[in-house]
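Protein chains: 2
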Amino acid sequence: MSVAAKKVQRAPRAAPLSLAPLNTSSLRNQVYVHLKAAIADMDIYNAQQQLRLDERELITALGVSRTPIREALSLLEQEGFIRTLPRRGIYIIRKSKRQIIEMIQMWAALESMAARLATLHAPDAEIAKLRHLFDEFQNSPPSEHLHEYSDANIAFHTEVIRLGGSQAIIDATRNLLLHVRAIRRATIGQSDRAARSIVEHLKIIEALERRDTELAERLARQHTLDLATHVDRNCDFLG
Amino acid sequence: MSVAAKKVQRAPRAAPLSLAPLNTSSLRNQVYVHLKAAIADMDIYNAQQQLRLDERELITALGVSRTPIREALSLLEQEGFIRTLPRRGIYIIRKSKRQIIEMIQMWAALESMAARLATLHAPDAEIAKLRHLFDEFQNSPPSEHLHEYSDANIAFHTEVIRLGGSQAIIDATRNLLLHVRAIRRATIGQSDRAARSIVEHLKIIEALERRDTELAERLARQHTLDLATHVDRNCDFLG
DNA sequence: CGTGCAGCTCTGGTATACCATATATTTGCA
DNA sequence: TGCAAATATATGGTATACCAGAGCTGCACG
Numbered sequence: 000m001s002v003a004a005k006k007v008q009r010a011p012r013a014a015p016l017s018l019a020p021l022n023t024s025s026l027r028n029q030v031y032v033h034l035k036a037a038i039a040d041m042d043i044y045n046a047q048q049q050l051r052l053d054e055r056e057l058i059t060a061l062g063v064s065r066t067p068i069r070e071a072l073s074l075l076e077q078e079g080f081i082r083t084l085p086r087r088g089i090y091i092i093r094k095s096k097r098q099i100i101e102m103i104q105m106w107a108a109l110e111s112m113a114a115r116l117a118t119l120h121a122p123d124a125e126i127a128k129l130r131h132l133f134d135e136f137q138n139s140p141p142s143e144h145l146h147e148y149s150d151a152n153i154a155f156h157t158e159v160i161r162l163g164g165s166q167a168i169i170d171a172t173r174n175l176l177l178h179v180r181a182i183r184r185a186t187i188g189q190s191d192r193a194a195r196s197i198v199e200h201l202k203i204i205e206a207l208e209r210r211d212t213e214l215a216e217r218l219a220r221q222h223t224l225d226l227a228t229h230v231d232r233n234c235d236f237l238g
Numbered sequence: 000m001s002v003a004a005k006k007v008q009r010a011p012r013a014a015p016l017s018l019a020p021l022n023t024s025s026l027r028n029q030v031y032v033h034l035k036a037a038i039a040d041m042d043i044y045n046a047q048q049q050l051r052l053d054e055r056e057l058i059t060a061l062g063v064s065r066t067p068i069r070e071a072l073s074l075l076e077q078e079g080f081i082r083t084l085p086r087r088g089i090y091i092i093r094k095s096k097r098q099i100i101e102m103i104q105m106w107a108a109l110e111s112m113a114a115r116l117a118t119l120h121a122p123d124a125e126i127a128k129l130r131h132l133f134d135e136f137q138n139s140p141p142s143e144h145l146h147e148y149s150d151a152n153i154a155f156h157t158e159v160i161r162l163g164g165s166q167a168i169i170d171a172t173r174n175l176l177l178h179v180r181a182i183r184r185a186t187i188g189q190s191d192r193a194a195r196s197i198v199e200h201l202k203i204i205e206a207l208e209r210r211d212t213e214l215a216e217r218l219a220r221q222h223t224l225d226l227a228t229h230v231d232r233n234c235d236f237l238g
């Protein structure tokens, strides 16, 4: 165990020319990033996959001791991705429909504020870039490239938040993204939402370009609140 | 050390009639609550107080081992209250002016969303209670009881968020509150803000009562954004 | 008297041993 | 044969020992 841990820490030294992929973080953070990516990758809302984590199992799987693993798990619990029940086990949380709707509403609140701030501070050039996200869908309807469009869709929302320039909002939405992204992907194909959303996105971009603070804010909020309503009505498969 | 820890855990048993003040949580949580309260109590933005924490010192002060203390500190770091620099120490974070403004903007976004949701779902009786928070200030101007008014002020905003009914928003604002509260307290006495704020609060209450979703949302947002603007202009004493 | 280096100390990071208890399993008695 | 009590086991919580590295301190040398 101890040997494996040291090997991880000393890997950059052993390969001095490997361009050191910023492996410099603590084991705790490495475990944290690793587990979070693993949780994000598995489609939480589709599968019957292994929802239980085992500390001792992770020890052998990752080759580190319980301490960094427990610290990483502790962070994930705080962020609401897992839940540890004393003497029962550690479980990946599947959010209830109610919780998902609340997260989408929160996203709406934060993105609309970001849109407001973007109209006040974002440079024109940055706003202009938003249009290019959808260039490839100008001619062919997005319904033909749903997966690509879904990614562009998510990139758009992330970008609006970035343009707001508030690090606090960017950080706060980062974790929401993991869940909201899964939902956006799951619903993008429903009832022609893709076609409607692209129109709404363009309106938001126009409002940003015209520096129409109130309009941009309102459109951004309503666009995402519509998703909440849609989920409320159509996603009964959720807990 | 071990003796002290066991004493804490077994205290309910030793005093079976002590009404067991829900002491049931883990040491980690007890330490967490303890430290967080300590941080919240010390007026972060006023003092030159001890900004450095020492793990070994906390061990003797709290009578538990490093493990629960480290886990608690890890949570506090994640929440942005402290920062641990490897081999340097653990420091209580003093937010910069920029960060505080971002937190207030975020608060504005979340509270305005809560106000929107409140107009849709909160019962009349609950909304009516909001007025009573300011009963005692109806006759005498709030400037005469600044401290009490400041508390009522904070209670009002917290209550609006609660009426929104979104647990996600309630949770997200809980940590913001510790900082926003300190700022509201520090600024409530400046440039007649108390008198203006009570008028605006009443307008928000009216909008909630009339179920005017858009108005309540806009008023709540603007009220708090004004605070952000005020801080931006007048609080240069902040980092 | 100044400067640089060696070693010590202090600190957080990690590994691991131990503990308490909830749950599972087994066993024995009715 | 069924239920309950006792025991075993698994799991998270806690304590502690050890490690590595950054910074400080003091001594030696120029």
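So the protein lines, in turn, are chains A and B. Numbered by numbering that gives the first Met the number 0, the letters in the first sequence go through residues 0 to 238 in order. Numbered by numbering that gives the first Met the number 0, the letters in the second sequence go through residues 0 to 238 in order. Backbone N, C-alpha and C define an ideal beta-carbon position, used for all residues, glycine too. For clarity, every value in this text was computed on a predicted model and none was experimentally measured.
Residue nearest to Q166 (chain B) in terms of C-alpha spacing, selected from A:A36, A:D191, A:Q104 and A:L61: A:Q104
Three-state class that DSSP yields for L50 (chain B) in the structure shown: coil
Three CB pairs or more closer than 8 Å across the segment 58-69 of chain A and the segment 175-185 of chain A: no
Backbone CA spacing between I169 (chain B) and A121 (chain B) [nearest angstrom]: 14 Å
DSSP state of G88 (chain B) mapped onto helix, strand, coil: strand
Run of the alpha helix (DSSP H) containing A151 (chain A), from where it starts to where it stops: L145 to G163
A13 (chain B) to S25 (chain B) span [Cα, whole Å]: Only weak support is given to the placement of A13 (chain B): the predicted model assigns it a pLDDT of 31, under 50, and the question is left unresolved by the model.
Sequence-distant residues of its chain with Cβ nearer than 6 Å to H33 (chain B) (five each side left out): none
Residue-chain proximity (I203 (chain A), chain B), Cβ-Cβ < 8 Å: no
R240 (chain B) (DSSP reduced to helix, strand or coil): Nothing about residue 240 (chain B) can be reported from this structure: the residues present for chain B run from 0 to 238 only.
F133 (chain B) vs H222 (chain B) beta-carbon contact at 8 Å: no
Sufficient close CB pairs (3 or more, under 8 Å) joining the segment 204-220 of chain B to the segment 112-127 of chain B: yes
Assigned exposure category for R192 (chain B) - 16 Cβ within 10 Å defines buried: buried
C-beta atoms of L84 (chain A) and I204 (chain A) nearer than 8 Å: no
Own chain residues within Cβ distance below 8 Å of D231 (chain B), not counting five before or after: K96 and I100
Presumed contact (8 Å Cβ cut-off) between L109 (chain A) and T172 (chain A), rounded CB distance: 5 Å
Buried versus exposed call for E54 (chain A) [16 or more other C-beta atoms within 10 Å across all chains shown]: exposed
Burial state of N22 (chain B) (16 or more Cβ within 10 Å): Confidence is the limiting factor: at N22 (chain B) the pLDDT is only 46, short of 50, which leaves the residue's position unreliable, though a coordinate-based value still follows. N22 (chain B) is exposed by the Cβ-count criterion.
Where the segment 71-93 of chain B meets chain A: residues whose CB sits under 7 Å from a CB there: S73, L74 and Q77
Beta-carbon contacts of R65 (chain A) that lie in its chain and below 7 Å, excluding the five residues immediately before and after: E54 and I58
Assigned exposure category for L119 (chain A) - 16 Cβ within 10 Å defines buried: exposed
Cβ of L109 (chain B) within 8 Å of any chain A Cβ: yes
Segments assigned alpha helix (DSSP H), at least 4 residues, entirely inside the segment 165-231 of chain A: 166-186 and 192-208
Proximal residues of chain A, C-beta to C-beta of A171 (chain B) below 8 Å: M105 and A171
For R93 (chain A), three-class secondary structure by DSSP: coil
Integer Cβ distance of I153 (chain A) from R180 (chain A), believed to fall under 8 Å: 5 Å
Residues that S24 (chain A) contacts on chain B, provided the C-beta gap is smaller than 8 Å: What S24 (chain A) touches in chain B: nothing, since even the nearest Cβ is about 10 Å away.
C-alpha distance - A37 (chain B) paired with L177 (chain B), whole-angstrom precision: 12 Å
Pairwise C-alpha distance: T228 (chain B) and N233 (chain A): 41 Å
Length of the line joining the Cα atoms of R87 (chain A) and L52 (chain A): 11 Å
Whole-angstrom C-beta distance between E78 (chain A) and N174 (chain A), which should lie under 8 Å: 5 Å
Between the CA atoms of Y148 (chain B) and M41 (chain A) - distance to the nearest angstrom: 50 Å
I197 (chain A) versus A:G163, A:D235 and A:D150, residue with shortest Cα-Cα distance: A:D150
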